[in-house]
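I have placed the structure first, in the form of structure tokens, so that the comments after it can refer back to it.
Number of protein chains: 4
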Amino acid sequence: MAGKASDVQSRRVPGSYRLTRVGVTQVKKPVCVRRPGRTITLTPTISLFVDLPASQRGSHMSRNVEAVAELVERSLSKPAPSLEALCAQLARGLLDRHEYATVAEVEMKADYFLERRNHSGKPSMEGYALLARAVAHRGGKALVRKSIGVEVVGMTVCPCAQETVRQYLAKRDRRIRSGECPPPMLTHNQRNITSLFIEVPEKFAVEANDLITIVEKSQSSPTYELLKRPDEGQVVLNAHMNPKFVEDVVRDVLKKVVDAYPKLPDEVAVTVRSESQESIHKHNAVAERVTTLGELRRTRPLKDFNRKSCS
Amino acid sequence: MAGKASDVQSRRVPGSYRLTRVGVTQVKKPVCVRRPGRTITLTPTISLFVDLPASQRGSHMSRNVEAVAELVERSLSKPAPSLEALCAQLARGLLDRHEYATVAEVEMKADYFLERRNHSGKPSMEGYALLARAVAHRGGKALVRKSIGVEVVGMTVCPCAQETVRQYLAKRDRRIRSGECPPPMLTHNQRNITSLFIEVPEKFAVEANDLITIVEKSQSSPTYELLKRPDEGQVVLNAHMNPKFVEDVVRDVLKKVVDAYPKLPDEVAVTVRSESQESIHKHNAVAERVTTLGELRRTRPLKDFNRKSCS
Amino acid sequence: MAGKASDVQSRRVPGSYRLTRVGVTQVKKPVCVRRPGRTITLTPTISLFVDLPASQRGSHMSRNVEAVAELVERSLSKPAPSLEALCAQLARGLLDRHEYATVAEVEMKADYFLERRNHSGKPSMEGYALLARAVAHRGGKALVRKSIGVEVVGMTVCPCAQETVRQYLAKRDRRIRSGECPPPMLTHNQRNITSLFIEVPEKFAVEANDLITIVEKSQSSPTYELLKRPDEGQVVLNAHMNPKFVEDVVRDVLKKVVDAYPKLPDEVAVTVRSESQESIHKHNAVAERVTTLGELRRTRPLKDFNRKSCS
Amino acid sequence: MAGKASDVQSRRVPGSYRLTRVGVTQVKKPVCVRRPGRTITLTPTISLFVDLPASQRGSHMSRNVEAVAELVERSLSKPAPSLEALCAQLARGLLDRHEYATVAEVEMKADYFLERRNHSGKPSMEGYALLARAVAHRGGKALVRKSIGVEVVGMTVCPCAQETVRQYLAKRDRRIRSGECPPPMLTHNQRNITSLFIEVPEKFAVEANDLITIVEKSQSSPTYELLKRPDEGQVVLNAHMNPKFVEDVVRDVLKKVVDAYPKLPDEVAVTVRSESQESIHKHNAVAERVTTLGELRRTRPLKDFNRKSCS
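Residue numbers (the numbering used here), protein chains in the order written: chain W, 5 to 315; chain U, 5 to 315; chain P, 5 to 315; chain E, 5 to 315.
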């Protein structure tokens with residue numbers, strides 16, 4: 005009886021409010037995950053929540069951590085197929101462990117590295133973030149919606165200041181004015197962080213490495229940890245021949261996503277966000293789109309957007 | 005013509021996607037705001053966004069900063085009535101300045117201080133955060149929805165471990181077992197951060213100082229910067245006689261909000277979030293409710309929740 | 005006796021180790037400070053420490069907070085002359101309150117704003133950080149060493165990539181090769197954060213606003229919150245005609261400091277640190293010099309450094 | 005000649021100042037490191053600096069990143085013996101690559117996990133941070149000083165408030181007054197972060213796992229990610245029977261270090277820092293000792309410090 009009495013969390017609350025989400029954040033654990041061609045250790049920071057009915061005082065939060073601990077253990081012998089699969093497994097596990105819950109949510113974020121080659125072919129490990137999320141609803145069969153995301157640090161080059169500078173210098177120099185073989189024009193450029201988050205329905209697969217490539221190809225240029233002098237010059241030139249607003253980055257990611265996943269269903273949620281740490285300001289510039297694949301397909305640009313003319 | 009050509013942002017994009025929000029973050033400016041009985045300087049960190057139609061390449065972000073600069077200037081001679089009023093003004097101003105936008109969003113967060121007295125009556129300045137947000141929709145008349153929020157650092161004392169310890173010690177001590185005048189039982193306790201965010205419809209007023217009081221009264225105890233020894237003992241004792249899960253904190257805030265604002269309409273959005281930096285874990289515990297006043301009123305607990313019996 | 009017994013901190017420890025510093029961090033309070041031509045409210049984040057002899061178990065930390073509370077109160081009626089004066093007052097106060105201590109240290113950091121005009125003369129409030137520090141030693145007379153510092157966000161333009169790009173393009177274009185009136189060459193540029201920290205001996209005064217100007221003039225360009233299109237072009241052009249490594253920024257600050265304060269004594273400590281959030285890398289570039297005015301004067305460059313030839 | 009001219013960093017500066025440190029921060033790379041009984045992947049965040057003579061304009065920072073890249077590569081085939089060995093290798097490598105430098109500094113910080121068992125024997129992975137640092141001086145033979153450190157999140161229980169509460173309750177209860185078998189008294193307790201940093205001379209070895217154990221045994225209690233109800237009660241009880249100021253934590257670490265490493269030479273530098281995120285305050289409490297093993301040995305407490313009497 006004492007044992008039962010001590011379950012303070014399960015006490016029936018004579019009257020109270022239900023809660024949208026109750027759980028733990030900042031749980032950090034190493035897990036083994038399969039990536040194309042290899043198995044790696046990731047160390048995600050994890051949040052796990054369930055909802056709580058009005059009739060129950062507290063959620064048994066240690067069950068959330070227990071679910072994580074078991075999964076970590078299991079991944080050592082049998083690596084998880086992906087971070088989002090881990091989230092989905094955990095979300096289902098939370099519904100099993102919290103019999104009173106109707107929804108479970110799990111989120112993860114982890115450092116991730118890929119080898120990239122700069123212009124002279126030298127390889128270096130570049131750092132990214134992997135994001136994953138799963139929401140499980142209790143029902144006839146447990147429905148789990150899972151998503152995968154990436155966060156990529158790259159570079160943006162401002163098209164607007166580039167055009168202003170071109171006009172300014174054209175007043176002084178006939179050759180720039182006449183468009184006679186001008187070098188790519190100088191402008192401000194800066195570190196840019198762009199994230200792409202996309203739902204992955206059951207029986208479909210989206211590979212994080214592909215999402216990273218999509219984002220890197222949508223910024224003015226990828227950034228590289230290791231650049232010897234000629235590589236550095238090449239990155240600068242390429243970036244200046246590919247000037248981008250944060251708005252352009254988001255739209256280019258959206259277009260590439262539509263093209264890359266023709267088989268994903270219309271209801272798939274897509275979020276793209278791009279933030280530039282402006283070199284000429286103390287504040288940041290941001291653009292974001294929250295949408296679905298279906299909406300993107302319905303509003304697909306008829307003619308392709310050609311920004312070359314702008315700058 | 006050159007002048008026109010240089011408006012790179014306004015260029016008609018032959019085909020592209022609309023964007024949900026485009027703008028600036030991390031803008032920090034001092035503004036003068038009226039508070040009950042005085043005028044103070046707050047230094048909010050500000051985000052400002054508008055949406056962007058598919059046909060336009062870029063948003064003119066300098067207009068956002070211009071809107072802020074004018075408001076800052078104006079507040080020096082005529083202090084703003086509140087942070088959320090400032091947000092609403094800015095959101096309206098963004099729609100005026102971005103003729104292509106249909107929605108404008110503004111968010112602010114600022115340090116804020118109130119004098120509090122500890123148990124021996126000694127005053128000290130305690131720090132809080134003020135939050136504010138406004139969303140303006142273009143329409144027959146510009147509709148602006150604004151919200152006000154607070155973030156309060158306090159203390160939670162765990163009821164569950166308190167009960168476990170009581171049972172554990174009761175096995176060794178008849179007097180604890182018999183309930184014969186037990187001292188409040190020891191348990192773990194920790195720093196807790198709780199935020200309350202509530203919509204403020206036109207012609208209604210919600211005072212941030214009241215929201216801070218509501219949250220402080222819902223935690224196990226407020227925290228104080230200045231506590232001499234007897235005050236410290238008293239805070240510890242009071243907190244242990246008032247043990248709270250994060251779930252309890254959120255629900256108690258919800259109840260106090262329902263009681264405090266009987267005249268606010270049903271559609272008013274309310275969000276409460278409580279996070280405890282668990283002293284016995286490396287992770288945090290979180291509870292949250294996202295709801296409306298109407299939903300809270302419909303599900304109001306019939307009998308008052310009495311947690312005294314639990315511990 | 006009970007009262008005495010309860011002073012757990014003062015208990016004589018039969019044998020233990022002395023401690024270098026014991027105190028509180030993350031204390032945040034609004035204080036009134038005089039600035040040139042006006043009185044403003046700053047909200048510094050404060051750390052306060054004293055040393056602790058081996059014979060005493062604990063420091064009475066509430067005395068630190070008490071000292072702050074009194075100072076805050078006093079500053080409302082009589083604004084402090086400067087943040088570093090406040091630190092010095094607090095450091096002396098700590099020695100008075102902790103009779104066992106031989107050293108007291110106080111540090112502050114606060115947001116700070118100055119009006120700046122961009123190229124078209126438009127004013128905007130730009131944000132900086134003020135830093136201050138004081139160390140008091142108990143002795144014949146209490147000796148207090150105080151320092152003042154600033155943190156300035158600006159912009160650096162890379163001279164190295166600029167030169168590489170110039171050479172690269174020169175191969176394709178005779179006019180660039182011949183140096184025939186070349187426009188400033190494109191390169192990568194980024195947000196740069198530079199701090200300058202300098203000791204202020206008794207009876208000398210160093211004005212924070214001057215330090216901010218020194219740093220801003222040493223970066224490739226200041227940054228501005230508000231830039232309409234022509235201003236933006238001008239900032240970009242000026243910055244590109246003034247390319248700087250972080251090394252250059254630190255050295256230029258050092259030179260300006262030597263020139264600006266001929267009367268400050270040789271033993272004055274000076275620290276300058278510059279960090280660029282590289283736009284072409286995911287990591288940052290840093291340069292730092294920790295020195296004294298005397299050492300700088302002894303090693304003063306004979307001929308002036310002329311970097312124009314480099315790029 | 006053009007190639008030579010383009011080495012902007014190597015240009016002789018006619019007159020300038022030397023710089024204390026120049027390099028890169030925020031470099032993040034996965035490396036393979038041997039730990040007792042296994043090989044693991046760590047992902048340290050790395051800073052690398054060299055000094056710069058007055059005669060040279062810039063440091064070749066890409067050489068720093070190159071050094072890291074080679075080391076990462078090499079560690080895949082041949083895991084590094086420890087993080088501090090990696091730092092030492094890198095510091096030596098920096099002197100080789102920067103022929104003008106006289107000092108090289110390398111710092112790393114990485115997440116690290118160990119299996120811990122709670123009171124009921126259940127294992128869980130607990131998270132820590134590994135710290136490492138090496139400084140290489142150019143000389144007859146390259147002298148490298150390397151250090152190893154750990155950062156441990158645990159729990160402190162305040163002895164002062166515990167005593168105040170005991171006295172307060174004793175007035176009401178004869179049995180507490182008489183000391184007749186009192187339960188451990190309630191007080192405030194909180195998350196505590198303690199770091200221990202110690203130099204490792206050539207030919208000596210200090211194992212990070214041991215340092216973690218030393219710190220965990222010096223806090224009021226370790227914290228655990230996974231605690232079922234009886235474990236949680238036990239952690240709370242144990243912690244309350246072991247109340248500690250941050251001052252106590254630092255001194256207990258110092259004592260254990262002196263006992264654990266009798267063979268390390270006197271000149272070995274030791275730094276211990278403990279910070280408690282006070283549950284009753286909005287600010288933190290900190291204690292720190294910066295010293296050498298020799299100084300600790302000379303001032304070693306004659307009689308052992310017995311804090312049991314205090315509470």
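All C-beta atoms, glycine included, are put in the ideal place defined by N, C-alpha and C.
For ARG195 of chain U, name the three-state secondary structure that DSSP assigns.
Strand.
Could you tell me the distance, in whole angstroms, from the CA atom of TYR265 of chain P to the CA atom of PRO305 of chain P?
TYR265 of chain P and PRO305 of chain P have their C-alpha atoms spaced approximately 17 Å apart.
So, THR106 of chain W versus HIS64 of chain W, is the Cβ gap smaller than 8 Å?
no
Please compile the residues from chain U whose C-beta is within a distance smaller than 7 Å of the C-beta of ASN122 of chain W.
Per Cβ cutoff of 7 Å: no residues; ASN122 of chain W is ~30 Å from chain U at best.
Please confirm whether ASN193 of chain E has its beta-carbon closer than 8 Å to some beta-carbon of chain P.
no
Can you check whether the CB of ARG195 of chain P is closer than 8 Å to the CB of SER283 of chain W?
Yes, the pair counts as a contact, with Cβ atoms nearer than the cut-off.
From the DSSP output, in three-state form, read off LEU258 of chain E for me.
Helix, per DSSP.
How is ARG302 of chain E classed by DSSP in three states: helix, strand or coil?
Helix.
Selection from E:LYS126, E:LEU135 and E:LYS150 that minimises the alpha carbon distance to ARG96 of chain E
E:LYS150
Taking the alpha helix (DSSP H) that VAL240 of chain P belongs to, which residues open and close that run?
233 to 244
Straight-line CA distance for THR275 of chain E to VAL294 of chain E?
5 Å
Are the CB atoms of GLN281 of chain U and GLN238 of chain E within a distance shorter than 8 Å?
no
Measuring CA to CA, which of P:GLU220, P:PHE117, P:PRO226 and P:ARG179 is closest to HIS192 of chain W?
P:PRO226
Return the bridge partner residues of LYS32 of chain W from the DSSP annotation.
W:THR49
So that I know if they touch, is there some Cβ in chain P lying closer than 8 Å to that of THR47 of chain U?
yes
DSSP state of ILE202 of chain E, grouped into three classes?
strand
Spatial neighbours of LEU173 of chain E within its chain, please: C-beta separation below 7 Å, excluding the five flanking residues on both sides.
ILE180
Contact with chain P by LYS312 of chain U, beta-carbon distance below 8 Å
Confidence in LYS312 of chain U is poor, its pLDDT being 43 and thus under 50, which makes the residue's placement unreliable; the coordinate value appears in the next sentence. Not an interface residue.
Could you pull out every residue in the same chain whose Cβ sits closer than 7 Å to the Cβ of VAL69 of chain U, ignoring the five residues on either side in sequence?
Result list for VAL69 of chain U: VAL28 and VAL31, in chain order.
Let me see if you follow: with CB-CB separation under 8 Å, is PRO266 of chain U close to chain W or not?
Closer than 8 Å: no.
How is the alpha helix (DSSP H) around ASP100 of chain P delimited, first residue to last?
87 to 101
Going by DSSP, name the residue or residues bridged to SER151 of chain W.
W:ARG137 and W:GLU203
Closer than 9 Å at the beta carbon, the chain E residues around VAL26 of chain P
PHE249, VAL250, GLU251, VAL254, ALA289, VAL290, ALA291 and GLU292
Which chain P residues sit within Cβ distance under 8 Å of GLY131 of chain W?
LYS286
Enclosing alpha helix (DSSP H) for ASN68 of chain U [first to last residue]
65 to 81
Kindly indicate which residue of P:GLU88, P:LEU23 and P:THR49 has the alpha-carbon position closest to the one of ARG61 of chain P.
P:LEU23
Cβ of SER14 of chain E less than 8 Å from any chain W Cβ?
no
Could you give the DSSP three-state label for VAL169 of chain E: helix, strand or coil?
helix
Identify which residue in P:PRO85, P:ASN246, P:ARG39 and P:CYS36 has its Cα closest to the Cα of VAL161 of chain P.
P:ASN246
State the Cα-Cα distance for the pair LEU345 of chain P and LEU147 of chain P, rounded to the nearest angstrom.
Residue 345 of chain P lies beyond the range of chain P shown here (5 to 315); nothing can be said about it.
With a threshold of 8 Å on Cβ separation, who are the neighbours of LEU190 of chain W within its own chain once the five nearest residues in sequence on each side are excluded?
GLN166, VAL169 and HIS244
Nearest-angstrom beta carbon gap, VAL262 of chain E and ARG301 of chain E [assumed within contact, 8 Å]:
6 Å
Cα-Cα separation, ALA289 of chain U to PRO234 of chain U:
So the two alpha carbons sit approximately 30 Å from each other.
Is there a Cβ from chain U that is less than 8 Å from the Cβ of MET159 of chain E?
yes
Starting from ASP115 of chain U and walking both ways along the beta strand (DSSP E), at which residues does that stretch end?
107 to 121
Check this for me: beta carbons of PRO85 of chain E and ASN213 of chain E, under 8 Å apart or not?
no
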